[in-house]
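Colleague: Residue numbers (the working numbering): 235 to 660.
The beta carbon of each residue, even a glycine, is placed where N, CA and C say it ideally should be.
Keep in mind the model is a prediction, meaning the values are calculated, not measured.
I have a structure here, written as structure tokens, and I will follow up with some questions on it.
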Ligand SMILES: *Cc1c(COP(=O)(O)O)cnc(C)c1O
């Protein structure tokens, strides 16, 4: 074995996300990462505009997180969570209860975002079962994304989630037209009408509404109106439907609030967290719920929540998550996110003038360029790498969600390279 990454072996044997095994697009070998920079094996450094899919909110190779991991390694990397408990899990749960919207008091720790969503769906079904109600379906928003396991997939956008592929196996859910009004447009009551109609008609069968608050991420990077979220919560109460907020992407400050639900001042019944939870150090997720939901489940016929992953409450991951939250809370994160928003606004403005570009938009530390047509992935990826940045578009969308510690010059460079990439005759 040498230190050289065997790209040929990678091509022949290693699956990458949403990728063909017979004709995979090229992958770039990363040797290390520090701060907001990825270092490729050939020594080239790339400014990272992606935070590794929302996760690395503090950047890479973060001293406080490294320390937390090292310290926890000396104690124990893992012990089972059945019948045992430990400080990292208790400390983390206490922090999550403290910083999430008030009323979310019970914490279920799991391995990944998709699993956190599965747990949320199970919680909702078991809750209604305990109430003697036959409510086993979910309603979700078109353009929504909630993960890749089967329960989560069933509530993803049917087209974006390629439901036709799994026809016959995938649970059938209700879908409602996604919110049309943008975050800062004047509110119009008709935006919520489709949801109201659907709930009016089908609420007897619906256990919960699941949505990504404010930001529809993987389904289109759309920012919708806080009033939509506020009224969705009211409709859930009126029709006896639980609200599941999937903050796996938006949690931990990304949108300018600690949690996106705060834009509408609502408290969901169930909340899913993941991605940035450990500062991107390892896979960990959490599903929080209200006392009402937890007590219902616990007094139902099963009496227990039927889930218990092997690596539940993994001490190493929990210890890093505790350190990540402490680091975030001790930092001027809100000011940093606001400043990133300002820098993105400056950098995106000229991009919005380009012929290929339909529009640019931003919220907090998320900047989005929507093109008229899908970009040529292989070509644009090579261009970005050649120009010293790491940006991973999908479809028509080129977007940025930098670590909160990124400085103005690096943000300007990211935007300038996007400008250059898209400033070509069609
Ligand atoms: C990424 C994501 C998930 C899935 O999380 P994984 O850790 O990839 O399983 C679920 N919901 C949202 C909103 C996400 O962005």
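Per DSSP, which residues does residue 653 bridge with? Please list them.
Modeller: Taking the first residue of the chain shown as 1, we reach residue 653 at position 419. DSSP output for residue 653 lists no bridge partner at all.
Colleague: Decide yes or no for the touch test of the region 517 to 531 against the region 335 to 352: beta carbon pairs closer than 8 Å, at least 3 of them.
Modeller: yes
Colleague: Ligand 1 heavy atoms versus the CB of residue 446: any closer than 7 Å?
Modeller: Position 212 of the chain shown, counted from the first residue, corresponds to residue 446. Result yes, Cβ under 7 Å from ligand 1.
Colleague: Quick one: Cα of residue 454 to Cα of residue 308, how far?
Modeller: Your numbering for residue 454 matches position 220 in the chain shown. Your numbering for residue 308 matches position 74 in the chain shown. Approximately 43 Å between the Cα atoms of the pair.
Colleague: Here's the rule: buried if 16 or more other CB atoms are within 10 angstroms of the residue's CB, otherwise exposed. What is residue 252?
Modeller: As a first step, residue 252 is located in the chain shown; it is residue number 18 there, counting from the start. Within 10 angstroms of the beta-carbon of residue 252 lie fewer than 16 other beta-carbons, which makes it exposed.
Colleague: Identify whether residue 431 lies in helix, strand or coil by the three-state DSSP scheme.
Modeller: Here the question's residue 431 lines up with position 197 in the chain shown. DSSP, reduced to helix, strand and coil, places residue 431 within a helical segment of the structure shown.
Colleague: Quick one: is the Cβ of residue 645 within less than 7 Å of any heavy atom of ligand 1?
Modeller: By 1-based counting over the chain shown, the position of residue 645 is 411. In this structure, residue 645 has its beta carbon at no less than 7 Å from each heavy atom of ligand 1.
Colleague: Can you look up residue 638 in the DSSP assignment and give me helix, strand or coil?
Modeller: The residue labelled residue 638 in the question sits at position 404 within the chain shown. The answer is coil: DSSP assigns residue 638 none of H, G, I, E or B.
Colleague: Nearest to residue 442 by alpha carbon, out of 301, 637, 549, 368?
Modeller: Translated into positions along the chain shown, residue 442 becomes position 208. Considering only alpha carbons, the answer is 368.
Colleague: Determine whether the beta carbon atoms of residue 265 and residue 275 lie at a separation below 8 Å.
Modeller: In the chain shown, counting from the first residue as 1, residue 265 sits at position 31. In the chain shown, counting from the first residue as 1, residue 275 sits at position 41. Inclusion of residue 265 and residue 275 in the CB contact set at 8 Å is warranted, their separation being smaller than that value.
Colleague: Flag residue 452 as yes when its Cβ comes closer than 7 Å to any non-hydrogen atom of ligand 1, and as no otherwise.
Modeller: For this step, residue 452 is matched to residue 218 along the chain shown. Yes, the beta carbon of residue 452 sits closer than 7 Å to at least one heavy atom of ligand 1.
Colleague: Which class does residue 346 belong to by DSSP, given the choice of helix, strand or coil?
Modeller: By 1-based counting over the chain shown, the position of residue 346 is 112. DSSP places residue 346 in coil when its eight states are reduced to three.
Colleague: Short of 6 Å in beta carbon distance, which residues of its chain neighbour residue 345, apart from the five on each side in sequence? Order them along the chain.
Modeller: Numbered from 1 along the chain shown, position 111 holds the residue referred to as residue 345. Annotation for residue 345: 517, 543, 545 place their beta carbon closer than 6 Å to its own, counting only its chain and skipping 5 residues before and after.
Colleague: Out of curiosity, what's the CA-to-CA distance linking residue 497 and residue 421?
Modeller: Stepping through the chain shown from its first residue, residue 497 is reached at position 263. Stepping through the chain shown from its first residue, residue 421 is reached at position 187. Approximately 14 Å, taken between the alpha carbons.
Colleague: Report the option in 641, 607, 642, 650 whose CA atom is closest to the CA atom of residue 625.
Modeller: Here residue 625 corresponds to residue number 391 of the chain shown, with the count starting at 1. Cα-wise, what sits closest to residue 625 is 650.
Colleague: If you follow the beta strand (DSSP E) that residue 601 is part of, which residue opens it and which one closes it?
Modeller: Mapped onto the chain shown, residue 601 falls at position 367. Unbroken beta strand (DSSP E) run through residue 601: 600 to 605.
Colleague: Cβ of residue 491 versus every heavy atom of ligand 1: is any distance shorter than 7 Å?
Modeller: Here the question's residue 491 lines up with position 257 in the chain shown. Not so, every heavy atom of ligand 1 lies at least 7 Å from the Cβ.
Colleague: Could you check where the alpha helix (DSSP H) with residue 555 kicks off and where it finishes?
Modeller: Position 321 of the chain shown, counted from the first residue, corresponds to residue 555. It spans 549 to 564 - the alpha helix (DSSP H) in which residue 555 sits, taken as one unbroken run.
Colleague: With residue 526 as the anchor, note down where its alpha helix (DSSP H) starts and where it stops.
Modeller: Numbered from its first residue, the chain shown carries residue 526 at position 292. From DSSP, the alpha helix (DSSP H) with residue 526 extends over 525 to 533.
Colleague: Which whole-angstrom value describes the C-beta separation of residue 338 and residue 501, a residue pair presumed to lie in contact below a C-beta threshold of 8 Å?
Modeller: For the purposes of this step, residue 338 is taken as residue 104 along the chain shown, with counting starting at 1. For the purposes of this step, residue 501 is taken as residue 267 along the chain shown, with counting starting at 1. That belief holds up - the Cβ atoms of residue 338 and residue 501 are roughly 7 Å apart, short of 8 Å.
Colleague: Please find out if some non-hydrogen atom of ligand 1 comes closer than 7 Å to the beta-carbon of residue 208.
Modeller: Only positions 235 to 660 of the chain appear in this structure, which leaves residue 208 out of reach.
Colleague: How far does the alpha helix (DSSP H) with residue 247 in it reach, from first residue to last?
Modeller: Here residue 247 is taken as the residue at index 13 of the chain shown, counted from 1. From DSSP, the alpha helix (DSSP H) with residue 247 extends over 241 to 247.
Colleague: Just to confirm, does residue 610 get its C-beta within under 7 Å of one of the non-hydrogen atoms of ligand 1?
Modeller: Here the question's residue 610 lines up with position 376 in the chain shown. Incorrect: residue 610 has no Cβ contact closer than 7 Å to ligand 1.
Colleague: Tell me whether residue 249 is buried or exposed, calling it buried when 16 or more other Cβ atoms sit within 10 Å of its Cβ.
Modeller: On the chain shown, residue 249 is found 15 positions in, with the first residue counted as 1. Classification of residue 249: exposed, given that the 10 Å Cβ count is below 16.
Colleague: Taking 7 Å as the cut-off, does the CB of residue 483 come closer than this to any heavy atom belonging to ligand 1?
Modeller: Reading the chain shown from its first residue, position 249 is the one you call residue 483. Under cutoff, so the answer is yes.
Colleague: Please report the Cβ distance between residue 392 and residue 409, rounded to the nearest whole angstrom; I am assuming they are in contact, meaning their Cβ atoms lie under 8 Å.
Modeller: Taking the first residue of the chain shown as 1, we reach residue 392 at position 158. Taking the first residue of the chain shown as 1, we reach residue 409 at position 175. With 8 Å as the limit, residue 392 and residue 409 qualify as a contact, their Cβ atoms being about 6 Å apart.
Colleague: Is there contact between the region 576 to 584 and the region 545 to 562, where contact requires at least three CB pairs shorter than 8 Å?
Modeller: no
Colleague: For the region 523 to 538 against the region 288 to 304, are there 3 or more C-beta pairs whose distance is under 8 Å?
Modeller: Inter-segment contact for the region 523 to 538 and the region 288 to 304 is absent: fewer than three beta-carbon pairs are separated by less than 8 Å.
Colleague: Using a 10 Å radius around the Cβ and a threshold of 16 neighbouring Cβ atoms, would you call residue 238 buried or exposed?
Modeller: By 1-based counting over the chain shown, the position of residue 238 is 4. Counting Cβ neighbours within 10 Å, residue 238 comes out exposed, since fewer than 16 surround it.
Colleague: What's the gap between the Cα of residue 418 and the Cα of residue 298?
Modeller: Here the question's residue 418 lines up with position 184 in the chain shown. Here the question's residue 298 lines up with position 64 in the chain shown. Their Cα atoms are separated by approximately 37 Å.
Colleague: Is the distance from the Cβ of residue 262 to the Cβ of residue 632 below 8 Å?
Modeller: By 1-based counting over the chain shown, the position of residue 262 is 28. By 1-based counting over the chain shown, the position of residue 632 is 398. Result no, Cβ atoms of residue 262 and residue 632 do not sit closer than 8 Å.
Colleague: Measure the C-alpha to C-alpha separation of residue 288 and residue 471 and round it to an integer number of angstroms.
Modeller: Counting from one through the chain shown, the residue named residue 288 turns up at place 54. Counting from one through the chain shown, the residue named residue 471 turns up at place 237. Rounded to whole angstroms, residue 288 and residue 471 show a C-alpha spacing of 31 Å.
Colleague: Would DSSP call residue 332 helix, strand or coil?
Modeller: As a first step, residue 332 is located in the chain shown; it is residue number 98 there, counting from the start. Helix.
Colleague: Tell whether a beta-carbon distance below 8 Å holds between residue 292 and residue 591.
Modeller: One-based indexing of the chain shown puts residue 292 at position 58. One-based indexing of the chain shown puts residue 591 at position 357. Taking 8 Å as the Cβ cut-off, residue 292 and residue 591 do not qualify as a contacting pair.
Colleague: How would you label residue 332, buried or exposed, when you count the other beta carbons within 10 angstroms and need 16 or more for buried?
Modeller: Residue numbering aside, residue 332 sits at position 98 when the chain shown is read from its first letter. When all chains shown are included, residue 332 counts as exposed.
Colleague: Is it true that the CB of residue 273 sits closer than 8 Å to the CB of residue 541?
Modeller: Along the chain shown, read from residue 1 onward, the residue named residue 541 stands at position 307. Along the chain shown, read from residue 1 onward, the residue named residue 273 stands at position 39. No, these two residues do not count as a Cβ contact at 8 Å.
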